[in-house]
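To start, the structure itself, in structure tokens.
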Amino acid sequence: MENKRNRWSNLYLVLVFVVLYAPIFYLMYYSFNSGGTMHKFEGFTLEYYREVFQDTRLIIIVINTLVIALLSSAIATVIAVIGALAIQRVRSRRAKNTLLSLNNVLIVSPDVIIGASFLILFTIAGVKLGFSSVLLSHIAFSVPIAVLMILPHLEEMSPSLADAARDLGASSTDVLTKVILPVIRPGIFSGFFMALTYSLDDFAVTFFVTGNGYSTLSVEIYSRARQGVSLSINALSTLIFLFTVLLVAVYYVLTTKKAKQSPAEPAADAGVPR
Amino acid sequence: MASKSKPFYLIPYYLWIALFVVAPVLLVLYYSLFDIEGNLTLSNYADFFTPVYLRMTLSSFWYAFLITAFSLLVAYPAAWLLTRAKHKQLWLLLIILPTWINLLLKTYAFIGIFGTFGPVNSILDVLGIGSQQILFTGFSFVFVSVYIFIPFMILPIFSALEDLNPSLLAAARDLGASGWTTFRRVVFPLTISGVRSGCMAVFIPALSLFMITRLIAGNRVITLGTAIEQHFLVTQDWGMGSTVAMFLIFVMALVMVLLGGRKEVRHGK
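These protein sequence lines are chains A and B, in that order.
Residues in the first sequence are numbered from 1 upward in steps of one, following full-length UniProt numbering.
Residues in the second sequence are numbered from 1 upward in steps of one, following full-length UniProt numbering.
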């Protein structure tokens with residue numbers, strides 16, 4: 001009886017995993033199809049991979065995407081460190097909650113609203129749509145999540161550490177760079193990483209603020225997918241999948257090394273659909 | 001530096017809040033008061049309460065409800081089984097991994113899977129049902145959306161279940177409760193917070209999806225998100241778009257109040 005039940009429950013879990021991964025492997029499988037369609041596998045070919053690597057426009061877009069992701073997450077992380085310090089300084093509970101709510105507005109807002117309101121903002125402020133508007137919006141939506149990753153580390157830090165440093169004659173710059181920053185470093189890392197994945201993954205917000213002539217990978221995939229099936233998208237997605245797995249593996253190794261000090265579950269780092 | 005004063009290095013963060021959190025909402029509010037010619041008017045709001053928009057809003061809610069309900073239905077047992085599994089951290093990572101793959105790529109895959117000659121139709125053929133038009137229907141929209149959202153439903157429920165004290169289950173069993181009673185009277189009420197955050201993480205984005213409707217539902221399904229995108233990027237009627245956005249903001253605030261206040265939504269508990 002117990003055994004039978006176990007088997008059924010395992011079957012259910014396996015089914016969920018199969019469904020979760022089926023589309024991804026489906027894409028990868030047909031990226032090698034010489035038939036040119038996403039059904040009926042005719043023969044093995046690497047033609048679509050060649051196509052991806054010869055598509056200069058696509059390569060420029062990939063570079064754009066990476067530049068935006070790295071730059072925006074770096075800047076967002078700096079602002080987030082400042083934000084976490086700001087939130088931690090606030091003593092009154094009410095003010096702190098208000099600040100935290102303001103911080104979380106962009107996390108819970110639907111992307112369409114973020115995109116549309118940023119479009120209005122940039123148009124009014126006279127920011128040209130393109131690189132700068134995309135960069136600014138990616139910074140903007142990455143800040144709150146990075147704050148949420150950094151804040152717990154800051155609040156776990158014993159306040160006597162900073163006091164002790166000050167008593168020993170450290171200047172406030174020294175306290176910041178030699179005491180506080182090293183203590184919250186794991187939070188800064190995971191904040192940066194989350195910002196990076198947010199930026200790489202974002203479609204809806206970017207779609208609103210790109211304007212003409214500038215594109216990131218998600219926006220490009222969307223416009224290509226709207227034109228129908230093209231196996232170069234499959235080849236591209238296979239490459240992206242491998243890159244993502246690599247990134248996640250690196251992140252996993254980095255965090256599990258630190259995990260011995262603070263057992264953070266990976267679940268806490270889950271992203272948000274964009 | 002005195003700790004009472006606001007030191008200048010905190011400025012960038014407050015500037016971020018002012019520019020990218022407060023200002024956008026105010027701008028949307030401001031723009032919702034202008035019609036397409038730029039006249040100050042409340043006509044957008046009047047238009048919003050006409051049958052066309054009301055029907056769209058209603059169908060948007062209906063789909064969001066379906067998506068949330070089905071996600072919950074699939075995710076709860078999965079989360080429960082995950083808590084019992086060996087190597088659960090690894091399993092959990094495997095659940096999270098697909099969320100790191102671009103949403104559009106996963107959606108794009110379904111164009112092939114649900115297509116006229118795709119595997120699903122082949123299976124239907126073999127079963128003797130014959131091929132169906134699956135793509136560009138409400139069904140495919142709900143299916144793909146549920147697919148996309150499942151991990152975001154599993155995670156909060158999983159962490160709620162993890163916090164459940166196992167001795168409570170043993171106690172329920174000792175007192176003679178059946179499996180179903182235990183679930184209904186003990187497990188579910190104690191994990192309701194996880195269910196709540198899961199539903200919030202699914203319901204609000206489900207109201208505003210627009211790329212899935214465009215790619216998979218072929219404009220057969222129109223959500224509030226599609227309407228906003230249409231008004232902002234196609235018809236350039238920012239006023240009406242902002243009005244729909246204001247409504248969505250209002251609903252969002254309402255949902256958050258109803259489902260448990262300002263609790264942090266998508267991350268953990």
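Even for Gly, the Cβ is constructed at its ideal location relative to N, Cα and C.
*Output, in chain order, the set of chain A residues within a Cβ distance shorter than 9 Å of E229/B.*
V112, G115, A116, A204, F207 and F208
*Work out the CA separation of M153/B and L72/B for me, nearest whole Å.*
7 Å
*asked:* Can you find the residues in the same chain that come closer than 6 Å, C-beta to C-beta, to L239/A, ignoring five residues on each side of it along the sequence?
replied: none
*Which value, in whole angstroms, describes the spacing of the CA atoms of V67/A and S218/A?*
14 Å
*Since I114/A and F141/A are thought to touch, with beta carbons under 8 Å apart, how far apart are those beta carbons, to the nearest angstrom?*
6 Å
*Three-state class that DSSP yields for L259/B in the structure shown*: coil
_Straight-line Cα distance separating F131/A from H267/B_ = Reliability of the predicted coordinates at H267/B is poor, the pLDDT of 38 falling under 50, and the value obtained from them is presented with this limitation in mind. Approximately 30 Å between the Cα atoms of the pair.
*Where P98/B and F149/B are concerned, what is the direct C-alpha to C-alpha distance, given to the nearest angstrom?*
11 Å
_Nearest-angstrom Cα separation, counted from D237/B out to A267/A_ = For A267/A, the pLDDT reaches just 39, beneath the cut-off of 50, and the residue's location in the model is therefore unreliable, although a value from the coordinates is still provided. Between A267/A and D237/B, the C-alpha separation is close to 41 Å.
*Using a Cβ cut-off of 9 Å (strictly closer), state whether T37/A contacts chain B.*
yes
_Going by DSSP in three states, F32/A sits in which element: helix, strand or coil?_
coil
*Hey, does N102/B have any beta-carbon neighbour from chain A nearer than 9 Å?*
yes
*Could you list which residues in chain A have their beta carbon closer than 8 Å to that of G118/B, in chain order?*
M38 and H39
_Let me check one thing: in DSSP terms, what residues is F44/A bridge-paired to?_
N33/A
*From the beta carbon of G83/A, is the nearest beta carbon of chain B less than 9 Å away?*
yes
*Quick one, which of L246/A, A249/A and E220/A has its alpha-carbon nearest L103/B's?*
E220/A
*Since L40/B sits in a beta bridge, which residues does DSSP pair it with?*
F34/B
*Output the residue ranges of the alpha helix (DSSP H) runs that lie fully inside the stretch 41-100 of chain A and measure 4 residues or longer, sorted by chain position.*
47-54 and 56-89
*What number of angstroms, rounded off, separates the C-alpha of L248/B from the C-alpha of V250/A?*
38 Å
*What does a CB cutoff of less than 6 Å around A78/B pick up in its chain, not counting 5 residues either side in sequence?*
I154
*asked:* Does S158/A come out as helix, strand or coil in the three-state DSSP assignment?
replied: coil
_Just to confirm, is the Cβ distance from H138/A to S72/A under 9 Å?_
yes
*asked:* Less than 9 Å between CB atoms is the rule here; does V272/A satisfy it with respect to chain B?
replied: Low confidence applies to V272/A: its pLDDT is 38, below 50, so where it sits in the model is not reliable, and the reading given next is rough at best. For V272/A, the answer is yes, since a Cβ of chain B falls inside 9 Å of its Cβ.
*If the cut is a Cβ gap below 7 Å, which residues of chain B does T244/A touch?*
W100 and I101
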